[in-house]
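Visitor: Please find one structure pasted underneath; my questions will follow.
Chains as they are written, first to last, in the working numbering: chain H, 1010 to 1119; chain E, 51 to 162.
What follows is the structure in structure tokens.
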């Protein structure tokens, strides 16, 4: 499965949009991009996933570039409860592996 | 709240003890996973079960022994652990391999 690269940390002001980038330049055509977050001392929480089209749900939006080599997770109005480590994961369609990268530690500042 | 339940939440064991971690889900998911997470590190995949059969073993030492007695239950049997095995052990499940994983909140294990 393709490897992902994320910035180790980011800050975001409360109420503003948080844009978290992920590079997956070796992604294959049958690999999905998944985003999870982990709040301290809890299990990872699913946020969103996509293949090539942009996706939106009640938590976030996922923007995947046309060449699929990178993506951005957007939290439209960050709150203090969004402070967490965010993981971008690439997973092969039908693949049983699910490997976490190093993630981005997002701190939402009041 | 999580639909994947892990027990116990905390466990302290000596290096000569035998203990088991338990994971339960009643969502009808057919794939189940064990991860190990050290402090400030991402979760590391240990084992994957598919339809109650071991699908992946990521070269985990034999002192960790997984078991999937039925489609709702996943155990991790621990024996002769080392202090460096102290970590958060996470269980996850998914309907299949094209679906997101649902994680429990883990068992915090301390080996003394």
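Just so you know, even glycine gets a beta-carbon here, dropped at the ideal spot from N, CA and C. Treat the numbers as computed from the prediction; the structure is a model and nothing was measured.
Please go through the same chain and pick out, in chain order, the residues whose beta-carbon is closer than 7 Å to the beta-carbon of residue 1043 (chain H), but skip the five residues on each side of it.
Guide: For the purposes of this step, residue 1043 (chain H) is taken as the residue at position 34 of the first chain. Counting only Cβ-Cβ distances below 7 Å, and skipping sequence neighbours, we find 1058, 1098, 1100.
Visitor: Can you check which of these residues, H:1077, H:1090, H:1014, is closest to residue 1039 (chain H) by C-alpha distance?
Guide: As a position in the first chain, residue 1039 (chain H) is number 30, starting the count at 1. Comparing Cα-Cα distances from residue 1039 (chain H) to each of H:1077, H:1090, H:1014, the minimum goes to H:1077.
Visitor: Give the residues of chain E in contact with residue 1053 (chain H), contact being defined as C-beta atoms less than 7 Å apart.
Guide: Numbered from 1 along the first chain, position 44 holds the residue referred to as residue 1053 (chain H). Per Cβ cutoff of 7 Å: 93, 153.
Visitor: Nearest-angstrom Cα distance between residue 1110 (chain H) and residue 68 (chain E)?
Guide: In the first chain, the residue the question calls residue 1110 (chain H) occupies position 101. In the second chain, the residue the question calls residue 68 (chain E) occupies position 18. Going by the C-alpha atoms only, they are around 32 Å apart.
Visitor: Beta-carbon of residue 1032 (chain H) versus every beta-carbon of chain E: anything under 7 Å?
Guide: Within the first chain, residue 1032 (chain H) is the residue found at index 23, counting from 1. No, no contact with chain E.
Visitor: Is it buried or exposed, residue 65 (chain E), if we count other Cβ atoms within 10 angstroms and call 16 or more buried?
Guide: What you label residue 65 (chain E) is simply residue 15 of the second chain in a count that begins at 1. Residue 65 (chain E) is exposed by the Cβ-count criterion.
Visitor: Report the start-end ranges of each beta strand (DSSP E) in the stretch 1023-1062 of chain H that is 3 residues or longer and not cut off at the edges.
Guide: You should have 1027-1032, 1040-1047, 1054-1059.
Visitor: When Cβ atoms are compared, which residues of the stretch 94-113 of chain E fall closer than 7 Å to chain H?
Guide: Taking 7 Å as the Cβ-Cβ cut-off against chain H, the residues of the stretch 94-113 of chain E that qualify are 95, 98, 100, 105, 106.
Visitor: So what's residue 1076 (chain H) in DSSP terms, helix, strand or just coil?
Guide: The sequence position of residue 1076 (chain H) within the first chain is 67, counting from 1. Coil at residue 1076 (chain H), not helix or strand.
Visitor: Candidates E:150, E:89, E:147: which alpha carbon is nearest residue 134 (chain E)'s?
Guide: Here the question's residue 134 (chain E) lines up with position 84 in the second chain. Out of E:150, E:89, E:147, E:89 has the C-alpha closest to the C-alpha of residue 134 (chain E).
Visitor: Mind listing, in chain order, the continuous beta strand (DSSP E) runs of no fewer than 3 residues lying wholly within the stretch 61-119 of chain E?
Guide: Whole beta strand (DSSP E) segments, 3+ residues: 68-75, 81-87, 94-100, 103-107.
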